[in-house]
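Each number in my numbering corresponds to the 1-based position in the sequence shown with 54 added.
Virtual Cβ for every residue (Gly too), placed ideally from N, Cα, C.
Bear in mind the structure is a predicted one, so any value in this text is a computation, not a measurement.
Okay, so here's the structure we're looking at.
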Amino acid sequence: MSFPDVRMRRLRRTEAIRNMLNQFQVQPNNLIYPIFVDETILEPVPITAMPGYFRCPLDQVIHEGQTALEQGLKSVLLFGVPAEKNETGSGAYAKDGIVQQAASKLKDHFKEELVVVGDVCLCEYINHGHCGIIKDGELQNDKTIELLGKTAVSQAAAGVDIVAPSSMMDGQVAAIREALDDANFEQTAILAYSAKYASAFYGPFREAADSTPRFGNRKSYQMSQGTLKEALREIELDINEGADMIMIKPALAYLDIISLAKATFDVPIVAYNTSGEYSMVRASALNGWIDEQAVVHEILTSIKRAGADMIITYHAKNVNAWLNYT
Ligand code: PBG
Ligand code: ZN
Numbered sequence: 055m056s057f058p059d060v061r062m063r064r065l066r067r068t069e070a071i072r073n074m075l076n077q078f079q080v081q082p083n084n085l086i087y088p089i090f091v092d093e094t095i096l097e098p099v100p101i102t103a104m105p106g107y108f109r110c111p112l113d114q115v116i117h118e119g120q121t122a123l124e125q126g127l128k129s130v131l132l133f134g135v136p137a138e139k140n141e142t143g144s145g146a147y148a149k150d151g152i153v154q155q156a157a158s159k160l161k162d163h164f165k166e167e168l169v170v171v172g173d174v175c176l177c178e179y180i181n182h183g184h185c186g187i188i189k190d191g192e193l194q195n196d197k198t199i200e201l202l203g204k205t206a207v208s209q210a211a212a213g214v215d216i217v218a219p220s221s222m223m224d225g226q227v228a229a230i231r232e233a234l235d236d237a238n239f240e241q242t243a244i245l246a247y248s249a250k251y252a253s254a255f256y257g258p259f260r261e262a263a264d265s266t267p268r269f270g271n272r273k274s275y276q277m278s279q280g281t282l283k284e285a286l287r288e289i290e291l292d293i294n295e296g297a298d299m300i301m302i303k304p305a306l307a308y309l310d311i312i313s314l315a316k317a318t319f320d321v322p323i324v325a326y327n328t329s330g331e332y333s334m335v336r337a338s339a340l341n342g343w344i345d346e347q348a349v350v351h352e353i354l355t356s357i358k359r360a361g362a363d364m365i366i367t368y369h370a371k372n373v374n375a376w377l378n379y380t
């Protein structure tokens, strides 16, 4: 059958019909809202490269959690900006580290109502800004994953529901699972940053989290842009090591990876709509060049359509502005 028997436009005739046929709807409960908690400030500090986004003082995390819940969001992802950095990144696994303090405040206040996810990495806490311990110019993979295990346990002790290791060290998921289980946190889930590409889209984040590497780049641990099957290997390894959910990052330039992962694996898939993706939209909107709400709606729908079950996005903060945009 073909035209004139087939008329595709019949099912596009009215808005109600179009809505009825809609297969992919972004829901606030599938969004994860990132918060940068800064130990050194008393008032929110704007992040220059992320217009409309702020570093949050510890005293205001409850307010942020409240804002999230009021918009129908269910979860926040915590990043920490510590008062001090050192060679071992000890702020990441300190009992009273900034993420640990923020998490326990949030969990004391909101209990099970709010899901708290903790980013597990050393880069924000280590003086050179790389995602692991460096000795004689070499990244110490196995020493690093031991410290990531400690970090995960300290976050779980503070009440974090889900730990999200982002350093791209080999074996990080297994090390974290073992450390959590040994400390009786077998119910703490792991969201693995499995296919995290070495990307220029992280630029604004590094200002936000003050985690720019002082030398070199992250290409010896984050994935190369020109690889595809390697993402499947990374994901499979993480599932075998005990990841409960896996992540692909960034989202927009890697929609093919999200689709492939969705077709290949049964675990829940998370996509990270990164800082650079957010800032490009904001910059363009602030210039009056695009309809921001329509564009955000379209971008997040595309990530969902590619196969993401959940999306980490800085746009979550304004979810009500664009959610019902058609
Ligand atoms: C650090 C980390 C980064 C992001 C999340 N965790 C930056 C990096 O790897 O350089 C990026 C988030 C974003 O750009 O929004 N482990
Ligand atoms: Zn890192």
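When C-alpha distances from A262 are compared across Y147, Y368, I116 and R67, the shortest belongs to Y368.
For T205, the enclosing alpha helix (DSSP H) starts and ends at N195 to A211.
Close CB contacts of I89 within its chain, under the 8 Å cut and outside five residues either way in sequence, are with C110, V115, E118, V130, L131, L132, F133 and A156 (chain order). Distance between L245 and D59, taken at the CA atoms: about 49 Å. For D173, the pairing in a beta bridge is given by DSSP as A218.
Judged by beta-carbon spacing, A249 lies beyond the 9 Å limit of S313, meaning their Cβ atoms are not closer than that value.
Cβ-Cβ distances below 8 Å link M277 to M222, A249, K250, Y251, A252, E284, A285 and E288 in the same chain, with the five nearest sequence neighbours on each side left out; the list follows chain order. With respect to the 9 Å criterion, V99 and V153 are not classified as neighbours on the basis of their beta carbons.
For R109, the enclosing beta strand (DSSP E) covers residues F108 to P111. From the listed residues Q77, R72, I71 and R63, the smallest Cα separation to S356 is found for Q77. Beta-bridge partners assigned by DSSP to P88: L131.
Taking the C-beta atoms as reference points, V335 is found no nearer than 9 Å to M301. The beta carbon of F259 sits closer than 6 Å to the beta carbons of S329 from its chain, once the five residues preceding and following it are set aside; these are given in chain order. If you draw a straight line from the Cα of L377 to the Cα of N83, it is about 12 Å long. Beta-bridge analysis with DSSP links L245 to M299. In the DSSP assignment, T367 falls within the beta strand (DSSP E) that extends over M364 to T367. Contact check between the stretch 197–205 and the stretch 217–237: three or more CB pairs, one atom from each, fall below 8 Å, which counts as touching. For C110, the CB stays at least 8 Å from every heavy atom of the ligand PBG.
With respect to K303, Y107 sits apart: the two C-beta atoms are not nearer than 9 Å. The shortest CA-to-CA distance from F255 to any of Q279, L234 and F269 is the one to Q279.
Proximity to Y332 across D363, S158, G257 and E97 peaks at G257, based on C-alpha coordinates.
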